Every structure is written in structure tokens, then in C-alpha cells.
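There are 2 protein chains.
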Amino acid sequence: MIADPSPDLLARAAQVRRRAMFLGQLGDGQRRQAVRAMAAGLEQNRAAILAANQADLEAAAAEGLAPALVARLKLDGAKLDGAIAGVRQVAELADPLGRRQLHTELDQGLVLERVTVPLGVLGVIFEARPDAVMQIASLAIRSGNGALLKGGREARGSCAAILTALRQGLAASEVAPEALELLTSREESLGLLKLDGLVDLIIPRGSNELVRFIQDHTRIPVLGHADGICHLFVDRAADLQQALRLALDSKTQYPAACNAIETLLVDGAIAPAFLPLAIDAFAEAGVELRGDAASQTLGVGQGASEADWSTEYSDLILSVKVVADLEAALEHIARYGSRHTDAICTTDVAAADRFLAAVNSAGVYLNCSTRFADGYRYGFGAEVGISTQTLPPRGPVGLEGLVTYRYRLRGEGHIAADYVSGVRQFSHRSLPL
Amino acid sequence: MIADPSPDLLARAAQVRRRAMFLGQLGDGQRRQAVRAMAAGLEQNRAAILAANQADLEAAAAEGLAPALVARLKLDGAKLDGAIAGVRQVAELADPLGRRQLHTELDQGLVLERVTVPLGVLGVIFEARPDAVMQIASLAIRSGNGALLKGGREARGSCAAILTALRQGLAASEVAPEALELLTSREESLGLLKLDGLVDLIIPRGSNELVRFIQDHTRIPVLGHADGICHLFVDRAADLQQALRLALDSKTQYPAACNAIETLLVDGAIAPAFLPLAIDAFAEAGVELRGDAASQTLGVGQGASEADWSTEYSDLILSVKVVADLEAALEHIARYGSRHTDAICTTDVAAADRFLAAVNSAGVYLNCSTRFADGYRYGFGAEVGISTQTLPPRGPVGLEGLVTYRYRLRGEGHIAADYVSGVRQFSHRSLPL
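Taken in sequence, the protein lines are chains C and B. The numbers in this note's numbering rise by one with no breaks, and the one at position 409 of the first sequence is 399. The numbers in this note's numbering rise by one with no breaks, and the one at position 184 of the second sequence is 174.
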């Protein structure tokens, strides 16, 4: 059971909400300027941020934090400059607000519009990644949303210095600094999960365990993915050299990414030709292969257990399975996949079409690496995160994932009774957007 | 604690999912024909359905079911014909699938598309409304989704007869009858809430209590609204006669609807002129008014308690509050509203713009009745339900609320490493939709 949020947290969240409601009504230029001011605030506080991060790093070293976590926690001058440049880029992104998605005359003088509006307030929970704080805070303000930000314990000093800088920046804009609020304790982090009505979307940026815990303990919608079990299927009609390039890139280009493959499926008809090549190439790349019986017969040294098909290694490990045909590959993906991103390598148009139609994932790819599943690579300019939920927003989510819409109906005294009685009829005429 | 779904329910849900995956790949014409076949199935089974409903009604009478519930349960010939006509209309609605929402060349030969696809499987929980079963089942099939349908206990016989008819109809189409499955017991209804991975969206059609219970007991997304606390604000610059018409229609045209108003807010500057007229008109319409102190001074007979501002009466009762000005009205709506639909009546353009920008509800109206918040009235042809959640789909939800999207990326051997190393650059060129 999670305790109710403290009165102090409720008051601060309500404050963020009030500021966000005001922010949400500002124009494009005002929000753009505010994000630029945030970048300026970071620049002015560069030394303080780096010093705070250094202190966090020293404390982490004293506590013996794992090297992978230390790498994420570390914010040197170059990384900070990159993050500030990222904030400036967010300022230049096209405004996601005020877009008219629907425009219909319901009857003479009765006109319906659907326009994009901010969600309201975001609750963002990071593990020890100070750069993500800058990115998400700038995306929040650009899209007219307030945010409650909770960084990992190890990054506490860094996050506080960054928030101070961002709020100093906002003070030189029309956005109230209190539209951004930092949460610092585990109690506040848990309290955030119960801020229904004050927080509209929770964005967890961290481990699968973190995301799952949050999904299980809040009624607020969660944008995130709990698993990235991605597949590459090498069809019998694949170009062998291309398949090899795709398999290597999809696994090794950045194995810790959620869009890296965990399982390689190989059509039985091509496995005897493909697997020996792949085994050599993966050995050279330092990838450990775990195969089913058929792929072991063809040279994969180590066996895969049932659990391997559902495991996100996030490491240089790859499970390998020889399947009878395309249909068997589709069955495997439907059973073990996490609906993130799955690819086929083939020169057979019918097989490609079947795969693209049948695989029920956010990303379904033909003859390219799964590593393209990313907001920047898709051309969104920045990414809030990747969602593996079925409902939109799905896949890599850009600024548009932080907005919703509202129906506006303008009449001249129109009442429903006139349409029920038949005195008036709806025209439902589409108007230009 | 809710028990895990039974092996039998799991097997049936998995069956629906398999059939739905096949259905989701059928073309527009095939799905359209299937919905027409469902209508034909209902016609062929007209007598059996009416007889089953008669039996349900007799059992309900014996159990002393409340008259309002009996009215919803009742399915006479005219109501059934209307429902069948509704199913035929769903067949004629434009296909929500296969719409390209985004089309970008990421680089030469690497092309990204975003296309609409079905959600997969819907879980629909009705109270005793047999007509809703036909409506939702047809919307599900039209949009390429399978469905698990659970009707209220009182409508058990009616629902079974309807499902038999719908599946008989589907047998004469390319859609497998097993894409629709009826759940009959309370255990199955609870088990449905735990079918994560097999069910993609739960649609509750019933009381606020039902919706809230479901939201609290499932990780599956829920499309629904738990409250409809709608407001009409009569601004100081309102046309008095228009305000009166809107207030009466918004409250009395169908008081049980979620889009009927529960609270009338009146600008203090116009209250002395407006309220006496309104009090007479509402008295004539049989509406009980409950007012704050200021409106009691102006003639409202009965007092409102704090709880009244948060109460959805769903009846001929209306709370009335005199507010200092537009800003005070906005504050009241922000505090007590349920973000469903709120309206202003005014001739002042600045006040109208302020209200339309500041009210954070799914529907924000100017000079028209809140009763227009409805999928049919918006021109969607049919309605899945009305959602008061903040994220899309929001407000009245048509067929497009039953679809999601998928990214398809087609390459020619493209790998991410080439873009990281700088050998290749993204073009991010928009292509025609």
C-alpha cells in the first residue's frame, strides 16, 4: 500500500497545476522564448551544475555504484553542452499546440472544432540521468505543460542544481518558475503516483522494473515501455550479406538500447547457409549466442532455455531460433515479442507484405535495422520516450505525445431539443482545417 | 483481490485474439460485408431475441428490478429494428483502418509510414442494455477488432440470443464467429480485468460506480467516464432569453445523460435579472433548484451543500451558484468540474475567448446546449462512448477510438551505425500522405 501524498506535496502539485494552466494559454512565441531562457539559465549555472555532479559522482564512488550507473550519472562539460544544445533545439521545434484536427459545421451557426491543447502536468521519474531532466523539462514547457520531476537518489545534487538553473531561466520569461517542481524523497516519488487529478501523465525513464512498479501503483496514465524484446527474422529469400549487416547492427550498435534485438529468427531453408556466417560474425563482435536445438546443430555453441525467448538481455547476448517458415516466425513474435519493433529481411515481396501486415508491434520493419526506432531518427526532433502500449501515443513519442485535444463548439443559442423534435437537422458539413 | 482468470476464459480469450488478428488484416469491403451479415443475422433471429428479452423482463419483474433498469433492459420490436438499422449504419461508416498519418523519407531508400491499425481485442462490460451489445459489436468488427462482451445479469438471456444471432451472421462472412465471445458470469467479468496482453481496451457502459471499479482493478486501458459534472455559466453579457433556453435544454432535455448540466453558474451582475426568470422556468419544468446563499436571496428556495457542487444528479435537480465574475466561474469549474463539457452563454467576445481557452474540459461550448456532446451529433456516425480522461481519445469517441497506429519502415539494408559514424545523413523529407 502506498501512503497518501503529504499536504506539502499536494500544495506544491496544486501550485504547479495553476502555473501550468496559465502556461498552457501562452502563445507559441512565449513558450519558445521560455525554453530559450531555460537554456540560458543552464549556461549561466554551468559551473554550479558541474560541481554538483562532481559531488554526486564522489558520493556514488564512495557507495560503490555500478559502473553503468556511474556513466549515466556523469555530466561532464561536453555532455552538459550537448544537453543545453538539445534544449535550444526543443525551442525551435514546431508548436504542437493549437492545431485544428477537425472542423465541422453541425448546422448553420453551430461550428465544431477539435484543437490540440496541453495535457496539463507531467510527472517524470528518472533514474540517475541528469541530462534527461533538461530534455524532458524543455519538452514539457515547449508543449505548455507543467512538470513534477523526480531524479534518482544518486543524482540528487545534480538535479537540484539543474532545476535551480532552469527556474532561474524561466524567471526571465512569461512562464512562472513554479511550473517546474523538483521532488526529492522516495516518499514524494510514491506520493506522485497518487496525484490523480493534479498530474495527467507519468513518464518513467529508467529500468523495466521501475516502469512496471509505476504501472502497477497508479491510476494516472503511464507513458513507457516495460520491455523491448525485438526480433529480426531472416526469411528464406533474404540477401545473406544484407541479413548479416542488419543482424549485427540490430544487436551490437548499442546493445543496451530497448530497440536492439534479443532474438534472431532464421528460416530453416536458409539457416544452413546463413548461420555459419552469422556465428563467425557474432563471435568476432563478442556476442554470445544461445540457440535452440536446430541452430545448435548448425554450430551455435550454447543452448537457449525457454526463458531466453522472453529475456531482454540489454547486453551482447542473442538468442537464435531456426523456424520452419514465415508463419512460424510470426507465431514466435506474437507469443514472445513485446510489440516494440520487429524486422524481416527478405527479397520476397509477398513475404514482406505478410510480415508488415501481421506483426502487431509499434514498429514493423523491412530490410533495415531495428535500431531506427527512435524519435530523432524518425524526424521528430526530440523524444519523450518510446511507448509499447497499444493505444496512441505508441512507439517513439515526440512533442505530440505531450498534447491532447479539446472540442470547441460555438453556437447561436442552439439547443438539442430542436434536433430531437426534428425542427432542425444536422448538416455535418466538413469545413477547411 | 481479484482471482486470476480461469483456464477456460484464458483459452477463449486467446481464441478471440487469434481470430481478431486475422480479422484485422481483412480489407474494408470484407469487414463492411461482415457487419451487414451481422445485421442480417439479427433480422433472422428477431423472434428469438424478442422472446429471450421477454423472459429476461419477466424475471426482472419477479425480482422487483427498478423501473429505470427495466426500461433499459426492454427490447421491443421497434427498439430492435432501430438497433438493427444502427448496425447497418455502422457498416456504411468510412473505414478507420489503413489511414496514412505520416509519410517521411528518412534517407534515400528508407521510408517511414504511420498507418492506422486495429487495437486488437476489446473487453466490453455493459449493464442491462441489450441494444448496446449490438452497437458495440458492430463497431468492433467494422474497426477490425475482436470483442469479449459481458452483459448485465438481468440481460443474460437477451445477450445470449443477440450473440447467437451476430455469430450466425458472421458465419456468412469472412470474419470468424469466434471473434465475438460472450462472457456470462461475474467471475468471467472479473477475470476479463486481468487479461492483460489478450485484451487491449476495456469499454465499460454503465454507472459511474461500475466505471470506477473497473479503473481501479485493471492495468488494461479503460475508455470511459466516471463522472459528468457539466456547467453552464451565464455571463453578465448573456442574452437573457438565450441563456434561459440553453439552461433548460442542458438540464431537462434528457436529465439522465452525462452531458446534462448539474450546476448553473450565474454572474452576479446579471443574477438579479436572470435568476427570477430561471426560477419560474425551472419550476414549470419540474426541476428542483438548490442554491448558494446569494441565489437563495434572489429566490432559489432550497440551499445547496458543499457536496452538491460535486454531485451528478442525473435527475431533474440543478445546483445554482452566483459567482462574482467570469474568473470565479472558471475557478469553480476547475475545482468541481469533471472535464466533460462546460458552456458559457455570452455576447462578449473577450469573455467567450477567455472561457474557451481556459476551461480544461473535453468539450468547451459557447452559446449552445451541453447536450450536443455526443458522437452522432458531432457527425461521427456512431459512438463508442464518451471519455473524460485527459489523453486521447477524449470526449465523444467514434470508430477512430478503436484504432491505433503502427510505424512501418522499409529500407534497403540500412543500418544505424552509418548514421552514428556520419557516413550517411538523415534527410527527413516529408512525402505526400
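Where is the CB? At the ideal position from N, CA and C, for every residue including glycine. Given the structure is predicted, the values throughout are model-derived calculations rather than measurements.
Min CB distance residue i to chain C below 8 Å
i        : result
B/Gly388 : no
B/Cys220 : no
B/Asp190 : yes
B/Ser359 : yes
B/Val354 : yes
B/Thr301 : no
B/Asp206 : yes
B/Gln15  : yes
B/Tyr395 : yes
B/Gln44  : no
B/Ala347 : yes
Bridge-paired residues (DSSP) for residue i
i        : result
C/Tyr366 : C/Tyr366 is not bridged to any residue.
C/Val310 : C/Leu254 and C/Gly281
C/Arg176 : Beta-bridge pairing links C/Arg176 to no other residue.
C/Ile269 : Paired residues: none, contrary to the question.
B/Gln292 : B/Arg280
B/Ala333 : B/Leu222 and B/Tyr355
B/Ala61  : Looking at the DSSP assignment, B/Ala61 forms no beta bridge with any residue, so it has no partner.
C/Ile115 : C/Lys140 and C/Pro194
B/Leu399 : C/Tyr355 and B/Leu102
C/Val387 : C/Gly375
C/Thr394 : C/Val107
C/Met97  : The sequence shown places Asp at residue 97 of chain C, not Met. C/Asp97 is bridged to C/Leu100.
B/Arg419 : B/Glu95
Exposure of residue i, with buried meaning 16 or more beta-carbon neighbours within 10 Å
i         : result
C/Ala161  : exposed
B/Val410  : exposed
C/Val25   : buried
B/Ser359  : buried
C/Val339  : exposed
B/Arg209  : exposed
C/Ser(-4) : exposed
B/Leu32   : buried
B/Gln292  : exposed
B/Ser163  : buried
C/Cys108  : Residue 108 of chain C is actually Pro in this sequence, not Cys. When all chains shown are included, C/Pro108 counts as buried.
C-alpha gap between residue i and residue j, whole angstroms
i        : j        : result
B/Thr242 : B/Val101 : 54 Å
B/Gln34  : B/Gln44  : 18 Å
C/Thr174 : C/Gly110 : 21 Å
B/Ala30  : B/Leu182 : 29 Å
C/Ala37  : C/Leu112 : 28 Å
C/Ala342 : C/Leu356 : 7 Å
B/Leu230 : C/Arg22  : 42 Å
B/Ala372 : C/Leu83  : 36 Å
C/Ala250 : C/Asp239 : 8 Å
B/Thr394 : C/Arg329 : 13 Å
B/Leu392 : B/Asp85  : 11 Å
B/Leu172 : B/Asn135 : 15 Å
C/Ala1   : C/Arg8   : 11 Å
C/Gln286 : C/Ser300 : 19 Å
B/Ala261 : C/Arg419 : 37 Å
B/Ala294 : B/Leu254 : 12 Å
Any C-beta of chain B under 8 Å from that of residue i
i        : result
C/Tyr368 : yes
C/His93  : no
C/Glu168 : no
C/Phe416 : yes
C/Glu402 : yes
C/Ala407 : yes
C/Pro382 : yes
C/Val410 : yes
C/Phe362 : yes
C/Gln20  : no
C/Arg209 : yes
Cβ-heavy atom distance, residue i to the ligand MG, below 7 Å
i        : result
B/Arg119 : With respect to the ligand MG, the structure offers nothing, as it holds no ligand at all.
**Item:** the segment 403 to 418 of chain C touching the segment 372 to 391 of chain C, judged by at least three CB pairs closer than 8 Å
**Value:** no
**Prompt:** Is it true that the segment 104 to 121 of chain C meets the segment 188 to 195 of chain C, where meeting means three or more beta-carbon pairs spaced less than 8 Å apart?
**Reply:** yes
**Message:** Check whether the segment 217 to 227 of chain C and the segment 271 to 285 of chain C touch, using three or more Cβ-Cβ pairs below 8 Å as the test.
**Reply:** They do not touch, by the three-pair rule.
**Item:** Cβ pair count under 8 Å reaching 3, the segment 91 to 107 of chain C against the segment 137 to 147 of chain C
**Value:** no
**Request:** Kindly confirm or deny that the segment 311 to 326 of chain B and the segment 344 to 351 of chain B touch, where touching means at least three C-beta pairs closer than 8 Å.
**Result:** The segment 311 to 326 of chain B, when compared against the segment 344 to 351 of chain B, does touch it at the 8 Å Cβ threshold.
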